[in-house]
Structures are given as structure tokens and as C-alpha cells.
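Colleague: For the sequence shown, our numbering gives the first residue as 335, with consecutive numbering after it. Glycine included, every Cβ here is placed at the ideal spot set by N, Cα and C. Would you mind keeping the following structure in view while I ask a few things?
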Amino acid sequence: MRVIGFKGLFGGAGTTTITANLAGALHRRQLSCIAVDLCATNSLRLHFGMPMTEAQGLFNAVSTESEQLPLFESDMGVLYVPFGNVEKVPEHDTIRITLENLLAQIKSARSGQIDYVLVDIPNNDSKMLRTIVDLFDGIFHILAPEPRVYPALHYFSNVVWPNLQAPSVKHFFLLNQIAPHLELNRDIADMLREELNPDLLLDQEIQRDQHLPEALATQQTAFEFTLGAQSNVEFSALSIMFERLFEVENDAV
């Protein structure tokens, strides 16, 4: 079982959308995965059709000592763990303990059955990431080509990155919301391709696709919403690359 985190360099980079739709793409390729939400906004569940009125999740319905997995299943069959509706965001140490216990529960209850755990990490909480980074096999850092990426990259390079050097954790940059027909978007994307470390920057990119927000409005992934979405092709390609980057051995648990 491989545990992969997804974190945007700034809010609105599309991290939750990528986590949900990649989970759907992996599921369609018959790779078993669980999507986990560590964001207090509790938005990941909306991509999987969970009603807004449903309060249960990782941080409220189940104690950290419980043996019951706070696991839900979408209509398409994707397994996911929502954050849960809470009045107060848990402390970082509590989040780490809860995530550790969840991963242990998954290994115990579904030994050999789960290939990947995809974790949606808050964009604005670098301290949380430092607290839990060693629990991951890899982390995708999501960037969108807009002016905010410049200060975000500066902060990431000087403050965040030096504290993420845990052994055996792979890091990758993924460009999202690419729109070649928009001059500013195109210019910034070209700059990122030139300046980011080519060993860390993924070749696969995600284009801006209006089907993605439309799918979220209906509480579905893009594939469920329409087979004609360009993003379906890109998430399928990303899932193939993902499997190659994080190969799961047959005896891995």
C-alpha cells in the first residue's frame, strides 16, 4: 500500500479536484484506492456525492482508538474518508495520530486489498505537512499558472521545502489548470516548465476544463458527469504515470 499526499502551493490550485478525479481514474483501471480528506472544509466528499447534511467523518464520528473505519463509498465505487464536520480544527499532533491510526486500520482490515491511499492536504497549512510528511511515500505539489505562483514558489523553496526532506518520500510538481489560449496562463506555464527541476516536474499536465466545476456542482467526478470531458483523458494518463511512479508490490500491505 502506497500513501500519496496532494497539496497545492496556494488556495485554488485544484488539489481536492485532482485528488478526487485521480481516485476515480485509478478505480476505473481496477486499482484499489481510498481518498482521505485532511481539510477542515470537508470538501472532498462532495466530489463523491455525499450529502452536505452528512456530518460523519474522520475527526468526529470515530475516535482515534476506534477499530471501525470511517469509510464511505461513492456510487461509482470509489472509497473515501471525509474529514467530518467539526467545530474546531484538531491540533497537528492529533491529526498525525489520527492519520497514523487510520492507515494502520486500513492495513489491518484490508490487508493486501488497497493499492493506494490518496490524501488531500490543506493548501494553507505547511506546518501540518511537516508534522505528517514521513507517513507518505510521495507528495504531489500542485501549481496553477497564475501570478500567485511566484510568491508561493518563493515561500515553498525557502520555508517549506527544507523541512520536507524525509527519507524515501518522493516529491513531484504537477501543473494544473493549463489554458494555452490565455496569454498570461501560457507565459507563466512556460516559465514554470523552464525553471522547475525537470526531475520533479511531471510531464503530464491537467488542462483547464469547465466540465470539472460542472461535475462538482452535481457532486460527481468528471467521468461520471460526462464521458466527453478532456480531463478524463488527462486523469487516465496521470493514473498510468502514477502507477509507474508508485509501483505496488504484490505482497505490499
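#1: Closest to P496 by CA distance: which of A478, S460 and L516 is it?
#2: If you reduce the DSSP assignment to three classes, tell me which class K504 lands in.
#3: Can you tell me whether DSSP reads E517 as helix, strand or coil?
#4: Assuming the contact rule is C-beta atoms closer than 8 Å, Q538 and E568 should be a hit. Round their C-beta distance to whole Å, please.
#5: Hey, could you find the ends of the beta strand (DSSP E) K341 is sitting in?
#6: Opposite D592 in the DSSP bridges: which residues?
#7: Per DSSP, what are the beta-bridge partners of E407 in this structure?
#8: Express the C-alpha separation of D449 and V582 in angstroms, rounding to a whole number.
#9: With respect to the beta strand (DSSP E) encompassing H381, which residues constitute its N-terminal and C-terminal limits?
#10: Tell me the DSSP secondary structure of V420 in three-state form.
#11: Compare the C-alpha of G391 against each of D371, M410, V370 and P416 and name the closest.
#12: Near L546, which residues of its chain fall below 6 Å by C-beta distance, leaving aside the five closest residues on each side in sequence?
Modeller: Once the coordinates are examined:
#1: S460
#2: strand
#3: helix
#4: 7 Å
#5: R336 to G342
#6: With the chain running from 335 to 587 in the structure shown, residue 592 is simply not present.
#7: L413
#8: 6 Å
#9: It is not in any beta strand (DSSP E) - H381 carries neither H nor E in the DSSP assignment.
#10: coil
#11: P416
#12: T351, A556 and S565
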